[in-house]
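Undergrad: Please see the structure below; I have some questions.
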Amino acid sequence: MARYNPKETEPKWRQAWTDADSFRAVADPARPKYYVLEMFPYPSGRLHMGHVRNYAMGDVIARFKRARGFSVLHPMGWDAFGLPAENAAMERGVDPKGWTYDNIARMRAELKELGLSIDWSREFATCDVEYYGKQQSWFLDLLARGLVYRKESLVNWDPVDQTVLANEQVVDGRGWRSGAVVEKRKLNQWSMRITDYADQLTDDLATLDRWPEKVRVMQENWIGRSKGLKLKFHFADDRPEGLEVYTTRPDTLYGASFVGIAADHPLAVEVAARDPKAAAYVAECRKGAATEAEIETAEKTGYDTGLTVKHPFDSTWDLPVWIANFVLMDYGTGAIFACPAHDQRDLDFCRKYGLPVKPVVLPPGKEPGTFEITDEAYTGPGTVYNSNGLDGLSIEAAKAQAIQWIEAQGDGEGATVFRLRDWGVSRQRAWGCPIPVVHCETDGVVPVPKDQLPVAHPADIEFGKSGNALERHPTWKHTTCPKCGGPATRETDTLDTFVDSSWYFARFANPDAAEPISKADADYWLPVDQYIGGIEHAVLHLLYARFVTKALADEGQLSVREPFAGLFTQGMVTHETYRRQNGDWVEPGAVEVVAEGAARSARLIDGGEPVTIGDIEKMSKSKKNTVAPEEIFDVYGVDAARLFVLSDSPAERDVQWTSGGVQGSWRFVNRVWDEFDSQPEATSAAEPDPDLRRATHKLVKQVTEAIDTFRFNSGIARLYEFLNLLKANPAKDAAPAVLAARQEALSAFARLIAPFTPHLAEECWGRIGGSGMVVQAEWPAFDPALTEDAVKVLPVQVNGKRRGEITAPAGAEPADVEKIVLADADVVARLEGLTIRKIIVVKDRIVNIVAA
RNA sequence: GCGGCUAUGGCGGAAUUGGUAGACGCAACGGUUUUAGGUACCGUCGGGCAACCGUGGGGGUUCGAGUCCCUCUAGCCGCACCA
């Protein structure tokens, strides 16, 4: 059997594609466009199996769409700013810029080895000054528009690393890197007004019908739109201003027991100023619970301020005002009214402090006299009662009525409240996009004029110490005010790296454009037709990109209002874990796994020490359960590796890497090559064998549909199946009809495997004398009439149990099928002693005889 | 607590969307070739001697259910004192 040699063929074909410039994206108005994009990588320095799977998926789609006549854009870039480069600088004393570009060079080479159909002419990194300078340009546009602002806000401050940390970088109250206890600090921070778009970002989710439901739900929850009432309670004493609360349950106002305010509420601060006990309670609350688990179990506590407010519908009814630890200052108005009967937290609180509990919603089927609240609040449907004018109304009607009354009284109005907060984009880090403003003593914050962009990093930036190297630089920040010409200092904060990735897809439309986004090119290419990436970006990156797209569309810089028409979230690559007796993790390459029947055990190859086989987990350095792609490429070639990560699991689920699995893919590669290699050069002019011919057309249909629906594993299974069929119809000593059918089959097969194993496909295509390269060939077409078998095997059931089968011509009428069935000896034997009640014939599918 | 998803052989998973459950692959077992093999090739492979039984458990709809409905259980993911 001819051995396939990927070491020879794979580099050869990659060079051929490069020479032919096969993957250059051309905005051809005569052809439909297709923009395929995988989330661009952080240049960590090495390619891992997760990259292989992610980019292989995108490549399947890109090659498939290209073959189907689309003008395809499939670009690649680098999400290159960020903390790891600065950490490397501190740990190893290297320059972040040099470190990053070295990593990019290494990873580019590795990615190119994957044989991806990428238009490399569009490549850029977000740390290229040509890129972040354009980002500064549109940042200034949003600033001018009021979508960017600066305000003092509470941030997580790491006192050792001297920087702000994102919430995700705070683990159990400590900085993830330094281990220092994180402080809350008030700092002037730049923010983007994403909350201005909260409604649109929610509403437009409904248009994203090619996004996973899961991601849409996550975004919807994250934005957290709720509709209710903002209502001002008047104080019982003669304080002029009222106390504003937010509620989604105005229907339960008659069930109110108290009004609760957050410990940080201005009123609480005021009370604390004159009441030492209140001050002590507020201080206690501020310490607060740090972890989620603590919040979960934290007891509801409160402090009675002694103040009272009047019930909005009954001026003789006074409600006490409590400071309560479960009321949050940064949601709604920082104050609530509590209805214990229909809210569990309020109930817990009222039971603890002996406050009244009055039900005002009667569950269906309950009597007013007998319904009682014990230790569980009732939040279900029902009819409002105990509520004067609202009595008898449904919850929805009572909400509307209460809001109407409050509005008529001038005490408030129906309001929409979001959980989404504005996006804080300031980072005290040098390795990021500088924020292009200066601070002038006379003119305050002044934007850098666009003709002075980019605001670039200084060349002699000194990393290697904690804190912001831009701040520390001796000269960089000193400049002159563009307005008055007087002395000024540059802003030394840089932008969150999520800003960098919030528009890169639009820059790919034309990475050389003078303006940030070439409108003409973006109008052709955008939106991204298929975006592929990890579920971990379900909220942050995907939400920011949607926001920036809308903001830039309102600026007139873009036409689309949604960046990604289709989204696919792929699963991870996992591997078994192994541990030595002392608990140390061991890499798979050092372990030999032995199977005795179903039982498996493992030991070190070197020395034979037994090792424990652990859980299957995401490949990670810390658990040492990684397999280096280049080692796999070296043994089996790129195609076998690509094939395996796509074939063994559905694309949205995790795939478990196994050495046996990739060997199976490698076997397939060889068997395919052997099949092509055994086909004689001479062509057969005979009429093709009809069965093989039909199987070929069926295969084309199945693989086409599988790729279209991201069911790569199923498509590959069909290819394996078909290869088995070819083996059963070998070229050796074949009849001319079979040889002719094989010609058609192999021609289709080479093109069908091309998205998955592109190098092998080229080699096979060349072997059977295909014209040009597979990358230039059209996707095979199928004749629908030939995708169905001419003769159908129909299972025959008696009372729903399979009792035999018959063959009938495709499309046979039920009456004719019945005749065949009733003439079948096996079936007749089964029916002995029974009376046939009914015969159900589903055309081309099944026969069921109902008999008793 | 709220929201979402999942459950099929020893394992990953298929199943024309209500019509032959277990395709395809891995592992295992048996064989052939080989000086040898952790190679390659061929074969067997849900359970049961069988009748039959089998898609997490229980119920239902239907001529027919892995697929639809109700209910329970287990696991995974996201959010979380959000008023």
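Per the numbering used here: the first sequence = residues 215 to 1066. We put the beta carbon where it would ideally sit given N, CA and C, even for glycine. In this text, all values refer to a predicted model and were calculated from it rather than measured experimentally.
1) Between the Cα of P310 and the Cα atoms of I675, G803, A622, which residue gives the shortest distance?
2) How many whole angstroms separate the CB atoms of M290 and F237, which I take to be in contact at a CB cut-off of 8 Å?
3) Buried or exposed for E790, please, with buried defined as at least 16 other CB atoms from any protein chain shown within 10 angstroms of its CB.
4) For R424, list the residues DSSP reports as bridge partners.
5) Just curious, the beta strand (DSSP E) that K524 is in, first and last residue?
6) Can you tell me whether DSSP reads G626 as helix, strand or coil?
7) Measuring CA to CA, which of W334, A339, K326, P701 is closest to T314?
8) Apart from the five residues on each side of it in sequence, which residues of its chain come closer than 7 Å, Cβ to Cβ, to Y495?
9) Quick one: what does DSSP say E769 is sitting in, helix, strand or coil?
10) Measure the alpha-carbon distance for G579 versus V274 and round it to whole angstroms.
11) Enumerated in chain order, which unbroken segments of the beta strand (DSSP E) with a length of 3 residues or greater are wholly contained in the region 781–850?
12) DSSP on Y363, reduced to helix/strand/coil?
13) In its own chain, which residues sit with a C-beta less than 6 Å from the C-beta of P663, not counting the 5 before and 5 after it?
14) Would you call the CB atoms of F278 and P969 closer than 8 Å?
15) DSSP three-state call for R260: helix, strand or coil?
16) Return the residue from the list H479, Y411, P454, F551 that minimises the CA-CA distance to T466.
17) What would DSSP say about I675, mapped onto helix, strand or coil?
18) Tell me which residues share the same chain as R817 and place their Cβ nearer than 8 Å to its Cβ, disregarding the 5 neighbours each side in the sequence.
19) Going by DSSP, what residue range makes up the beta strand (DSSP E) through W536?
20) Using three-state DSSP, classify R399 as helix, strand or coil.
21) If you draw a straight line from the C-alpha of I609 to the C-alpha of E513, how long is it?
22) What are the complete beta strand (DSSP E) segments, minimum 3 residues, inside the region 956–1040?
23) With A1071 and H751 assumed to form a contact (beta carbons below 8 Å), what rounded beta-carbon distance in angstroms separates them?
24) State the beta-bridge partners of S855 as determined by DSSP.
25) Can you tell me which of the three DSSP states E224 falls into?
26) Taking C-beta to C-beta, are C499 and N539 nearer than 8 Å?
27) Name the residue from T783, M833, V774 whose alpha carbon lies nearest to the alpha carbon of P802.
28) If you count every other CB in all the chains shown that lies within 10 Å of the CB of A591, and 16 or more means buried, which is it?
29) Going by Cα to Cα distance, which pick from V883, A855, G626, F882 is closest to Q870?
30) With distances taken from CA atoms, which of R559, D544, N796, Q893 is nearest S367?
31) Suppose you measure from the CA of P1067 to the CA of A612; what does that come to, to the nearest Å?
32) In angstroms with no decimal places, state the Cα-to-Cα distance between V787 and H556.
33) Would you tell me roughly how many angstroms separate the C-alpha atoms of A470 and V523, rounded to the nearest one?
34) Might you give, ordered along the chain, the residues of its own chain that have their beta carbon closer than 7 Å to the beta carbon of I332, omitting 5 neighbours on each side?
35) Specify the secondary structure class of Q870 as computed by DSSP and reduced to three states.
36) Hey, out of V886, E344, S680, whose CA is closest to Q376's CA?
TA: Inspection of the coordinates gives the following:
1) The residue labelled residue 310 in the question sits at position 96 within the first sequence. Checked all of I675, G803, A622; the closest Cα to P310 is I675.
2) Within the first sequence, numbered from 1, the residue matching residue 290 stands at position 76. Within the first sequence, numbered from 1, the residue matching residue 237 stands at position 23. By a beta-carbon distance limit of 8 Å, M290 does not contact F237. Their separation comes to about 10 Å.
3) For the purposes of this step, residue 790 is identified with residue 576 of the first sequence, where counting begins at 1. With at least 16 other beta carbons inside 10 angstroms of its own, E790 counts as buried.
4) Position 210 of the first sequence holds residue 424. R424 is bridged to G780.
5) Mapped onto the first sequence, residue 524 falls at position 310. Where K524 is concerned, the enclosing beta strand (DSSP E) stretches over 516–525.
6) Sequence index remark: in the first sequence, residue 626 carries index 412 (1-based). Strand, per DSSP.
7) Stepping through the first sequence from its first residue, residue 314 is reached at position 100. It is A339 whose Cα lies nearest to the Cα of T314.
8) Numbered from its first residue, the first sequence carries residue 495 at position 281. Non-local C-beta neighbours of Y495 in its own chain, meaning closer than 7 Å and more than five positions away in sequence, comprise Y517, I537, ordered along the chain.
9) As a first step, residue 769 is located in the first sequence; it is residue number 555 there, counting from the start. Reduced to three states, the DSSP call for E769 is coil.
10) Along the first sequence, read from residue 1 onward, the residue named residue 579 stands at position 365. Along the first sequence, read from residue 1 onward, the residue named residue 274 stands at position 60. If you take the alpha carbons of G579 and V274, they lie about 58 Å apart.
11) Considered as a whole, the region 781–850 harbours 781–783, 787–793, 805–810, 813–818, 824–832 as its complete beta strand (DSSP E) runs of no fewer than 3 residues, in chain order.
12) As a first step, residue 363 must be located in the first sequence, where it is residue number 149. Look at Y363 here: in three-state DSSP terms it is strand.
13) Indexing the first sequence from 1 puts residue 663 at position 449. For P663, where only same-chain residues beyond five positions count, the Cβ hits under 6 Å are P696.
14) Numbered from its first residue, the first sequence carries residue 278 at position 64. Numbered from its first residue, the first sequence carries residue 969 at position 755. It is a contact, given that the beta carbons lie within the stated cut-off.
15) Taking the first residue of the first sequence as position 1, residue 260 is located at position 46. In the structure shown, R260 falls within a coil segment according to DSSP collapsed to helix, strand and coil.
16) Translated into the one-based positions of the first sequence, residue 466 becomes position 252. The shortest C-alpha separation from T466 is found at F551.
17) For the purposes of this step, residue 675 is taken as residue 461 along the first sequence, with counting starting at 1. DSSP places I675 outside both helix and strand once states are collapsed to three, so it counts as coil.
18) For the purposes of this step, residue 817 is taken as the residue at position 603 of the first sequence. Closer than 8 Å at the Cβ level, and outside the excluded window around R817, lie V805, E806, V808, E823, P824, V825.
19) Numbered from its first residue, the first sequence carries residue 536 at position 322. Where W536 is concerned, the enclosing beta strand (DSSP E) stretches over 528–538.
20) For the purposes of this step, residue 399 is identified with residue 185 of the first sequence, where counting begins at 1. Looking at R399 - three-state DSSP - the assignment turns out to be strand.
21) Start at 1 with the first residue of the first sequence, and residue 609 comes out as number 395. Start at 1 with the first residue of the first sequence, and residue 513 comes out as number 299. Each residue's Cα considered, the two are about 30 Å apart.
22) If only uninterrupted beta strand (DSSP E) runs of at least 3 residues are considered, those enclosed by the region 956–1040 are 1005–1012, 1015–1023.
23) A query on residue 1071 cannot be resolved here, the shown segment of the chain reaching from 215 to 1066 and no further.
24) As a working note, residue 855 is residue 641 in the first sequence. It should be noted that the sequence gives Ala, not Ser, for residue 855. In the DSSP output, where bridge partners are listed per residue, A855 has none listed.
25) Against the first sequence, residue 224 aligns to sequence position 10. In the structure shown, E224 adopts helical secondary structure according to DSSP, grouped into three states.
26) Locating residue 499 in the first sequence gives position 285, where the first residue counts as 1. Locating residue 539 in the first sequence gives position 325, where the first residue counts as 1. Yes. Within cutoff.
27) If you number the first sequence from 1, residue 802 lands on position 588. For P802, the closest alpha carbon among the candidates T783, M833, V774 is that of M833.
28) Along the first sequence, one-based indexing puts residue 591 at 377. Buried: at least 16 other Cβ atoms inside 10 Å.
29) As a working mapping, residue 870 is identified with position 656 in the first sequence. Looking at the Cα atoms, A855 is the closest of the given residues.
30) Taking the first residue of the first sequence as position 1, residue 367 is located at position 153. The closest CA to that of S367, considering only R559, D544, N796, Q893, is found on D544.
31) Since the first residue of the chain shown is 215 and the last is 1066, residue 1067 is not available in this structure.
32) Along the first sequence, read from residue 1 onward, the residue named residue 787 stands at position 573. Along the first sequence, read from residue 1 onward, the residue named residue 556 stands at position 342. V787 and H556: Cα-Cα distance of roughly 46 Å.
33) The residue you call residue 470 lines up with position 256 of the first sequence. The residue you call residue 523 lines up with position 309 of the first sequence. Rounded to whole angstroms, the separation of the alpha carbons of V523 and A470 is 11 Å.
34) Translated into positions along the first sequence, residue 332 becomes position 118. F237, H288, P289, M290.
35) As a first step, residue 870 must be located in the first sequence, where it is residue number 656. Assigned with DSSP and collapsed to three states, Q870 falls in strand.
36) In the first sequence, counting from the first residue as 1, residue 376 sits at position 162. Nearest C-alpha to Q376: S680.
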